[in-house]
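Number of protein chains: 2
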Amino acid sequence: MQKYTTFILAGLVIVLAAALAGTLIFMNNQPAQSRTTQPIVEIAPLEPESELWGRNFPNQYSSLLKTRNNSLDTTFGGSSAFSHLERDPRQVILFTGYPFSIDYNDDRGHEWALEDVRATKRVNEKTPGTCYSCKSSNNPGLWTEMGMEAYDKTSFSELGKHLTESIGCANCHEAGTMRLVVTNPALKEALERQGKDWTTYSRQEMRSLVCANCHVEYYFKGDGKYLTLPWDGGTKVEEMYQYYNEAGYKDWEYPEALTPTLKAQHPEYEMYTAGSTHYNAGVSCADCHMPYVREGASKYSMHDIHSPLLNPELACGQCHTDTEAVVRRVSLIQDQVYNTKVATEDAIVDAINAIKAATANAASDPDLLNQARELHRQSQYYWDFVSAENSMGFHNPEYILKVLAESTNLARQAQMLAAQAANDPSLLEIGTYYSSQETGAVLP
Amino acid sequence: MQKYTTFILAGLVIVLAAALAGTLIFMNNQPAQSRTTQPIVEIAPLEPESELWGRNFPNQYSSLLKTRNNSLDTTFGGSSAFSHLERDPRQVILFTGYPFSIDYNDDRGHEWALEDVRATKRVNEKTPGTCYSCKSSNNPGLWTEMGMEAYDKTSFSELGKHLTESIGCANCHEAGTMRLVVTNPALKEALERQGKDWTTYSRQEMRSLVCANCHVEYYFKGDGKYLTLPWDGGTKVEEMYQYYNEAGYKDWEYPEALTPTLKAQHPEYEMYTAGSTHYNAGVSCADCHMPYVREGASKYSMHDIHSPLLNPELACGQCHTDTEAVVRRVSLIQDQVYNTKVATEDAIVDAINAIKAATANAASDPDLLNQARELHRQSQYYWDFVSAENSMGFHNPEYILKVLAESTNLARQAQMLAAQAANDPSLLEIGTYYSSQETGAVLP
């Protein structure tokens, strides 16, 4: 009897042990945490050469190098240097009188940054060194050595002699600890003026904030061309616009319209953090643009930074299981933003034409005309805040579409004020948008 | 030795059996599937009295009855009959010449539908019976008995004698099987004209489609006031607008502006299914508005239909764990839509004023003026498609904001064309929107 019991118990043990083993195997197949390893080489503080860092972190480094070879495009962006001006000739008109009307190519991967800034036709002998601020891992060292003030005052050509590396490890990491750090003094100072101390940020917050070392709106302040983020009143478009107004700042005067115009840069961080659904759900930039991958026994964050639409299974798949459906949703959102953005451009072009004509008319009311220019300035900045941002709306669709709706309204109002200033209804011509509507008509 | 082994094995069995028991208890706490029960009373086909159905389904019925007592409001909607005209006086202007400018209260719960349609000042002796189409569970029986043509031709007061029940079980369910069904002939016919057969829809699709028995855009076609959904060319706003243009249909002529104007109804189904993120993720109307609850041993779908913002833990919590954060995200989206919608209203009011003035001016160019009216008509319909829809944008934020951006652009163009028609730049006055901007100015 006892023998019989023993057999039953032994049988049960085998069954249950097998179940336990299965569970353990399953758990072992879940993503492992990254492991701390002893460095192979010591990295000096602010070391510009990513290749040296790469000896300790070969996976991260070899994925960073992929940004040189990636050239795939998405519908609206991607990794090739296509010309925005050729794709959308309205932008030639919108940037008339400013170098962006001559040369405005899409950004390529981080490994191309230094080469591409040297190749752009926007650079000339008057270009300040400030233009190198986001292009090289030599910068953290140079900023420490020279100070940002001297760095920005040095000419582009002179400063260029000290720059040998494109964007790399030192732009976001602290040597030795590999901690994520704010390296751009302009970002540090902007946060300080907001009463914020980045050293208190969580690691997850830093996985977005280090991107703000570059992917932000900025301008060159004063004669020293001092790199400055217009964040003192906040990072929403209306707050930054108000900042520029209070500073009396313009990037250029629009020819013949005489509007003091602003160029937005690449406000990805501001756009994303303006209450977007993903941001509010705690998702960082790196979660989508640097997803974790597993290769053999290693798990690491991809440093081959590009559009998540180029590897949605990995990028979106960290949270979403229905990747294919997710990509379709992204496409639909971007199509809606694109169509709205183009309608806004048509409205601004109409406003510019009206203001130019009113300016040429000596009898125009100068106050009304200045009001028209003010609205043109605001409209164009709001539009560019969306247009220069690299996500065709996906980083924050509701906010972006609200901003575009405002921009269109402001542009039409600018046109109306110009017509009032010149007392000339013929300035109310409507460009391509109206004619593109095909919903029929009930009236003759 | 064998005794020793037996003890060890017995110990292992106890430990593993305890783990197994825990797992089973855990599994048992997961939501149970609803069970089929024998009916207590037989329900006749198309039975209008929900109280009878309620004897078989007491939980569903008692939750339906709650729609009588719920009166809580959200920021932008809810379950009380507040006046849209008092909250937003622009709408008095926008609906001038149409009964909605006299009485336009927010909808209350399903139990109030019959009482509220009889109380509205929009109803008079000329009102057709069609107005009862979405207000009573007597309808499926009456439509079968009389046919919808006769139903719609009967006067409101005459038809009213046959209606005793507010919205109830028979509006969405088939007696006996409790299957979800299309009961409104207008919906069935609209789907047929699109080549769609609702009987092939999945249950999850039906959990949205039955809402479209009422929550859709419609109009009264021809002299017979035949209830018709303008879906032949599709259910997007531009497709329905084109339908109305091809039909040469107007709801009323706007006084003094002479615009053939359209009133949108409550296009929740069209808005939600126009590629919204939730819809594309397979979420039905009922998932959020009729969440499953568990009371004792029963699990059932709440029939106390109202805004999910009034019970987000239950409504959003079926999928989202961070309910509080979700509600904040919804609020932010709705605020952005609301502000954009009000700016659109200002633009349409400006357009109306300009068209009225141009119409009063005998020298106005009639072709340009008609073009202005056409744009006013389109702009106002696009705006109302958003405004009359009960979600303040949340059902499909990107689409709604795109539509509002278009509407504002069209309204400004309408104003511009009216000024051109009258050759009078003084018609370009800009209403409250511009003055509400507070971002400063750089020009004098």
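Going down the list, the sequences are from chains A and B.
The working numbering puts the last residue of the first sequence at 1361; the count rises by one with no breaks.
The working numbering puts the last residue of the second sequence at 1361; the count rises by one with no breaks.
Even for Gly, the Cβ is constructed at its ideal location relative to N, Cα and C.
Note that the coordinates shown come from a computational prediction; the quantities given were computed from them, not determined experimentally.
Cutoff 8 Å: residue i Cβ touching any chain B Cβ
i	result
A/Q1337	yes
A/P1314	yes
A/K1078	no
A/D1239	yes
A/M944	Note that A/M944 scores 47 on pLDDT, short of 50, meaning its location in the model is unreliable; the coordinates nonetheless yield the value given after this. It does not; no Cβ of chain B falls within 8 Å.
A/G1357	yes
A/R1096	no
A/R1290	yes
Any C-beta of chain A under 8 Å from that of residue i
i	result
B/M1333	yes
B/S1352	Since pLDDT at B/S1352 reaches only 41, below the 50 mark, its modelled position is unreliable, and the value read off the structure follows with that caveat. Closer than 8 Å: no.
B/R1004	no
B/P956	no
B/I1010	no
B/K1273	no
B/R1035	no
B/Q1159	yes
B/A1279	no
B/L989	no
B/E1163	yes
B/Q1297	no
B/Q1330	yes
Three-way DSSP call (helix, strand, coil) for residue i in this model
i	result
A/F999	coil
A/E1106	helix
A/T1178	strand
A/K1052	coil
B/D1114	coil
A/L1097	strand
A/H1090	strand
B/S893	A query on residue 893 of chain B cannot be resolved here, the shown segment of chain B reaching from 918 to 1361 and no further.
B/S980	helix
B/G1348	coil
A/D990	strand
A/W1148	coil
Range of the contiguous beta strand (DSSP E) that encloses residue i
i	result
A/S1218	1215-1218
B/Y1143	1143-1145
B/V1243	Note, B/V1243: premise wrong, no beta strand (DSSP E); alpha helix (DSSP H) at 1240-1277.
A/V1210	1209-1212
B/K1138	1136-1138
Alpha helix (DSSP H) segment containing residue i, residue limits
i	result
A/E1362	In the structure displayed, chain A extends from 918 to 1361; residue 1362 of chain A sits before or after that span and is not available.
A/E1032	1030-1036
B/Y1015	Looking at the DSSP string, B/Y1015 is not in any alpha helix (DSSP H), and its letter there is neither H nor E.
A/K1319	1314-1339
B/S1125	1120-1126
A/L973	First, the residue type needs correcting, since residue 973 of chain A is Asn and not Leu in the sequence shown. Note, A/N973: alpha helix (DSSP H), 967-973.
A/K1070	1065-1070
B/N1197	1194-1197
B/P1225	Here B/P1225 belongs to no alpha helix (DSSP H), and DSSP marks it neither H nor E.
A/F1073	1073-1077
B/H1183	Taken as a continuous stretch (DSSP letters only), B/H1183 belongs to no alpha helix (DSSP H), as it is neither H nor E.
B/A1203	1202-1206
Select from the region 1217-1228 of chain A all residues with a C-beta closer than 9 Å to any C-beta belonging to chain B, and list them in chain order.
-> Per Cβ criterion, the list is empty.
Within 9 Å of chain B by C-beta, residues of the region 1126-1152 of chain A in sequence order = Of all residues in the region 1126-1152 of chain A, none has a Cβ within less than 9 Å of some Cβ in chain B.
For the region 1171-1196 of chain A, which residues have a CB atom closer than 8 Å to at least one CB atom of chain B, in sequence order?
-> If the cut-off is 8 Å between Cβ atoms, the region 1171-1196 of chain A has P1177, G1192, T1194 near chain B.
Mind listing which residues of the region 1245-1256 of chain B have their C-beta closer than 8 Å to chain A's C-betas, in chain order?
-> Residues of the region 1245-1256 of chain B with a Cβ closer than 8 Å to any Cβ of chain A, in chain order: R1245, R1246, L1249, I1250, Q1253, V1254, N1256.
For the region 1260-1271 of chain B, which residues have a beta carbon sitting closer than 8 Å to at least one beta carbon of chain A?
-> Sequence-ordered contacts of the region 1260-1271 of chain B with chain A read A1260, T1261, A1264 [C-beta pairs closer than 8 Å].
Quick check: the region 1216-1224 of chain A against the region 1334-1350 of chain A, are there 3 or more CB pairs under 8 Å?
-> No: fewer than three Cβ pairs fall under 8 Å.
Touching or not, the region 1295-1304 of chain A and the region 1234-1246 of chain A, by the rule of three or more beta carbon pairs under 8 Å?
-> Between the region 1295-1304 of chain A and the region 1234-1246 of chain A, the count of Cβ pairs shorter than 8 Å is below three; the stretches do not touch.
Contact between the region 959-966 of chain A and the region 983-990 of chain A: three or more CB pairs below 8 Å?
-> Segments in contact, no.
Meets three-Cβ-pair contact criterion under 8 Å: the region 1183-1197 of chain A and the region 1113-1123 of chain A | Between the region 1183-1197 of chain A and the region 1113-1123 of chain A there are fewer than three C-beta pairs closer than 8 Å, too few to call the two in contact.
Is the region 1310-1326 of chain A close to the region 1275-1283 of chain A, with three or more CB pairs under 8 Å?
-> Contact between the region 1310-1326 of chain A and the region 1275-1283 of chain A is absent, because fewer than three Cβ pairs lie under 8 Å.
Pairing CB atoms from the region 1043-1060 of chain A with CB atoms from the region 1023-1034 of chain A, are three or more of them under 8 Å?
-> Contact holds between the region 1043-1060 of chain A and the region 1023-1034 of chain A, because three or more Cβ pairs, one in each stretch, are under 8 Å apart.
Short-range partners of chain B found in the region 919-932 of chain A, where Cβ spacing is below 8 Å = Residues passing the 8 Å Cβ filter: Q919, K920, T922, T923, L926, A927, L929, V930.
If you pair each beta-carbon of the region 1012-1020 of chain B with each one of the region 1166-1173 of chain B, do three or more pairs fall below 8 Å?
-> Counting C-beta pairs with one atom in each stretch, the region 1012-1020 of chain B and the region 1166-1173 of chain B have three or more that are closer than 8 Å, which means they touch.
contact_flag[the region 1098-1105 of chain A, the region 1133-1153 of chain A] where n(CB pairs < 8 Å) is 3 or more | Contact between the region 1098-1105 of chain A and the region 1133-1153 of chain A is present, because at least three Cβ pairs lie under 8 Å.
Please determine if the region 1323-1332 of chain B and the region 1318-1328 of chain A are in contact, where contact requires at least 3 C-beta pairs separated by less than 8 Å.
-> Enough Cβ pairs lie closer than 8 Å, so yes.
Could you tell me whether the region 1228-1239 of chain B touches the region 1205-1213 of chain B, where touching means 3 or more Cβ pairs closer than 8 Å?
-> Result yes; three or more Cβ-Cβ pairs closer than 8 Å.
Validate contact between the region 966-977 of chain A and the region 1081-1091 of chain A using beta carbons, cut 8 Å, 3 pairs = Yes, the region 966-977 of chain A is in contact with the region 1081-1091 of chain A.
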